[in-house]
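> Residue numbering for the sequence shown follows this note's numbering, starting at 4 and increasing by one per position.
Even glycine gets a Cβ: it sits at the ideal position worked out from N, Cα and C.
The structure's right below; bear with me while I get my questions together.
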Amino acid sequence: MPIKVIKHKKNKSDKANTQTSSAMIAPSATSLYNKLEDNISLFATLFSDCSDVIFRRFQIGKDNPLPAAIIYVDGLANRQSVDLEIMEPLMYFTRIDQKNAMSNIDIEIIKQLNITVGEIKEDQNVMSIVNAILSGDTAMFIDNFPVALILNSRGWENRGIQEPTTENVIRGPKEGFTETVRFNTALIRRRIKDPKLKMKGFKLGKRTKTDVVIAYMDDIVNETLLQEIEKRLNTIDTDAVFESGYIEQFIEDSPFSPFPQMQTTERPDKVAGNLLEGRVAILVDGTPMALIAPATFAQLYQSPEDYYERAIFGTAVRLIRLIGLFLATSLPSFYVAVLTYHHEMIPTQLVLALARSRMGVPFPAILEALLMEGVIEILREATTRLPGTIGQTIGIIGTLVIGQAAVAAKLVSPAMIIIVAITAIGAYITPNYSTTYSIRFIRFPLMIAAAFFGVFGIAVMWLFIIIHLAGLESFGIPYLAPVAPLKLSDIKDTIVRLPLWAMKKRPMIPENRNLIRQGSSTVASSRRRTRW
C-alpha cells in the first residue's frame, strides 16, 4: 500500500513564529550583539553539531562580577594557554577599586591589565571571528560589549623539525620545513635576519581558509613579478587548498607541460638563497613543501650543496646530473634504435654480444623495453606507497627476483636489465623530485620514436622537446634562461659554478632592483692579488 505524504500548510502564526526565531538566532548576522546571551546563541547556531567547539562561561572579577564567555576549538587551541593566560587572570580580576565599577569597565583595561597572551585583537565581524576560532584562536565575549577579543592561543600537536625526506643532506643544515606555516617562516627568518624580508599572508579556499604566505626581499624582488604572483593568487576561487600542489596547478603558466615551472623544496636554506636572488617563495599551511617562483630549467638540477663545496666539485656534480638526465631519458631509446635499425653504429663484438643475449627472447626490442620500463614503474610506485621498511624490502626483492626470473625465462635480455637499472637510477639524480616525473614521462615517447624511425626519430623528438622548453615561461621568465635568451653574466652559475668570490652580482634573470651581492674587497680577491 503506497504511503501518502501529507504536507503541513503553514498558517500566518507559524510563519510569524519562524521569522521571530530566525531573527533571534540570526545565523547570517554580520556583526555582534550587545548582549552576551545573544552572541552565545548566535555562535551556538553556527557551531551546531560541532562537538570539538568548546563554549565556556565564566565571571570576570570576584566582587560585582561581569558575565563573559570564551569559545575555542579543542585540539587547535592550547588548553594550558586558555586556562592560565586567559581565564585564571580574569576570574581573579581585583584591580578595580571603585564599587560597582566592574559593570562600567572599559574593554581596554581588561586587555591591558589581566590578559597575558601575546596577541590580542578586537573584532566585530561574525565570519571573521568564526575563521579565527577555526584557526586555533580563542574568542572572548563580554556582556554589554558588542565586540569580541580574539586571543592568540594556537597550539596543536605537530611534527617536529626533521631532516627533509625528499632532499637528503650530506653537507649543510639538516632542518626541513614542517606542516605548520609559522614554523616554516621562522626557519627562513632565522637565516635572513633582515627587516627587508617581507612575509605577506593570504587565506585561500572558501571552506578550508588555508593560510598562505609569500616571502620576498622587499629591496631586491622585481615589483612586476611580485604583483603578478599576488594577482594569480587572488584569482584562485576554490573550496579547498590542502597542499602547495593545488596552488602550483592554479597559477602556473603551462598546466599541460610535463616540466615543472616552479621549484618545490623542503629546505629553508634553499628558499633563503632564492629569496636573495630576487625570487618569491610561497609557503602553505599543512604541507612542508614550499614553492619558489620563477623557475628555470637549469635550477631544477642545482642543489644548495653545490655552493657548500668548492667550485670545481660543484661543477663536476652538475655535469654528472646532466649525464644522468641524458641516460635516464635516452638510453632505452638508443638501445631500441640500435637493435632495430643501426647495428653498424656500435662495434662488432658488442653487436654479437647483444645478439647472443637476445637469443630466445620472443619480443622485439621495443616491446622488451616497454615491458621492463612498465614493471620498473609499478615497482617504483609500490615502494613509494608502502611503509618505509616494507617498501625497501619489496623494492629489492621485486627487482632481484623479477629481473632474474625474466632473464631465466628468456622474456628479456640481460642487457635490457642493465639499461633499465641505469635509467631508474639516473631518474633520481636530480635534486628536484618533481623533475623525476618529467624524466619518466618523456622516456616513453622517445622509445616509441626510436622504434619507428631509429636515431632520426630520437633526434626529431628531442627537437620537439627543446622547442617546447624554449616556448615555456615561468611568470614571464624564459624557461631556458640564461641560455636562451643568452645572458653571459649568468652563465657562471648554470652548468658550471664559479667560485663564490667571483659571483659579485646577482643573476640578471629574474630582473631585480639590487644587482650587487658582495663587495670587491673579499679575502679571496685580496689573496689573489698578493704576490708571495
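Using the three-state DSSP reduction, which class does Pro70 fall into: helix, strand or coil?
As a first step, residue 70 is located in the sequence shown; it is residue number 67 there, counting from the start. Note: Pro70 maps to strand in three-state DSSP.
> Roughly how many angstroms separate the alpha carbons of Trp504 and Arg520, rounded to a whole number?
The count along the sequence shown starts at 1 and reaches residue 504 at position 501. The count along the sequence shown starts at 1 and reaches residue 520 at position 517. C-alpha separation (whole angstroms): 10 angstroms.
> Between which two residues does the alpha helix (DSSP H) containing Ile191 stretch?
The residue you call residue 191 lines up with position 188 of the sequence shown. Run containing Ile191: 184-194, per the alpha helix (DSSP H) assignment.
> Does DSSP put Thr267 in a helix, in a strand, or in coil?
The count along the sequence shown starts at 1 and reaches residue 267 at position 264. Three-state DSSP puts Thr267 in a strand.
> What is the DSSP secondary structure of Ala487, counted as helix, strand or coil?
Within the sequence shown, numbered from 1, the residue matching residue 487 stands at position 484. In the structure shown, Ala487 sits in coil (DSSP, three-state: anything other than H, G, I, E or B).
> With a cut-off of 8 angstroms on the beta carbons, I'd call Asn37 and Ile223 a contact; round off their distance for me.
Locating residue 37 in the sequence shown gives position 34, counting from the first residue. Locating residue 223 in the sequence shown gives position 220, counting from the first residue. Contact doesn't hold; Cβ gap of about 50 angstroms is too wide.
> So the candidates are Thr351, Thr318, Glu182; which of them puts its Cα closest to the Cα of Thr268?
Your numbering for residue 268 matches position 265 in the sequence shown. It is Glu182 whose Cα lies nearest to the Cα of Thr268.
> Check Ser477 in the structure and name its three-state DSSP category.
In the sequence shown, residue 477 corresponds to position 474, counting from 1. Of the three classes helix, strand and coil, the one that applies to Ser477 here is strand, per DSSP.
> Does the beta-carbon of Tyr304 have 16 or more other beta-carbons within 10 angstroms, so that it is buried, or is it exposed?
On the sequence shown, position 301 is the one that residue 304 refers to. Buried, by the Cβ-count rule.
> Quick check on DSSP: helix, strand or coil for Asn20?
Translated into positions along the sequence shown, residue 20 becomes position 17. Low local confidence applies: a pLDDT of 42 at Asn20 is under 50, so the model's placement there is unreliable, with the coordinate-based value given in what follows. In the structure shown, Asn20 sits in a helix (DSSP, three-state: H, G or I).
> For Phe46, tell me which candidate among Ala135, Leu116, Pro68 has the shortest Cα-Cα distance.
Here residue 46 refers to the residue found at position 43 when the sequence shown is read from its first residue. For Phe46, the nearest C-alpha among the options comes from Ala135.
> Tell me the rounded alpha-carbon separation between Ser84 and Thr238.
Locating residue 84 in the sequence shown gives position 81, where the first residue counts as 1. Locating residue 238 in the sequence shown gives position 235, where the first residue counts as 1. Cα-Cα distance, rounded: 37 angstroms.
> Please state the DSSP three-state secondary structure of Ala412.
In the sequence shown, counting from the first residue as 1, residue 412 sits at position 409. Residue state, collapsed to three classes: coil.
> Establish whether the CB of Ser441 and some CB of chain D are separated by less than 8 angstroms.
Going by chain labels, chain D is absent from the structure shown, which holds only one protein chain.
> Quick one: what's got a C-beta closer than 7 angstroms to Gly248's C-beta in the same chain, skipping five residues either side?
Here residue 248 is taken as the residue at index 245 of the sequence shown, counted from 1. For Gly248, where only same-chain residues beyond five positions count, there are no Cβ hits under 7 angstroms.
> Going by C-alpha distance, which of Val423, Gly281, Leu403 is nearest Lys199?
Translated into the one-based positions of the sequence shown, residue 199 becomes position 196. Looking at the Cα atoms, Gly281 is the closest of the given residues.
> How would you call Ile315, buried or exposed, if buried means at least 16 neighbouring beta carbons within 10 angstroms?
Here residue 315 refers to the residue found at position 312 of the sequence shown. By the 10 Å Cβ count, Ile315 comes out exposed.
> Compare the Cα-Cα distances from Glu251 to each of Phe459, Lys196, Leu334, Val287 and report the closest residue.
Locating residue 251 in the sequence shown gives position 248, counting from the first residue. Closest by alpha carbon: Val287.
> Below 8 angstroms on the Cβ atoms is my guess for Ile153 versus Asp126; work out the distance and round it to an integer in Å.
Here residue 153 corresponds to residue number 150 of the sequence shown, with the count starting at 1. Here residue 126 corresponds to residue number 123 of the sequence shown, with the count starting at 1. Going by Cβ atoms, the distance from Ile153 to Asp126 rounds to 5 angstroms, so yes, they are a contact pair.
> Taking the alpha carbon of Ile3 as the point to measure from, which residue in Pro434, Thr439, Gly460 has its own alpha carbon closest?
The question about residue 3 has no answer here: the residues shown for the chain are numbered 4 through 535.
> Skipping 5 residues on each side, what residues in its chain have a beta carbon closer than 7 angstroms to that of Leu449?
Indexing the sequence shown from 1 puts residue 449 at position 446. For Leu449, where only same-chain residues beyond five positions count, the Cβ hits under 7 angstroms are Thr332, Ser333, Ser336, Ile461, Met464.
> Can you say whether Ser306 is buried or exposed, counting buried as having 16 or more other CB atoms within 10 angstroms of its CB?
As a first step, residue 306 must be located in the sequence shown, where it is residue number 303. Answer is buried; the Cβ neighbour count reaches 16.
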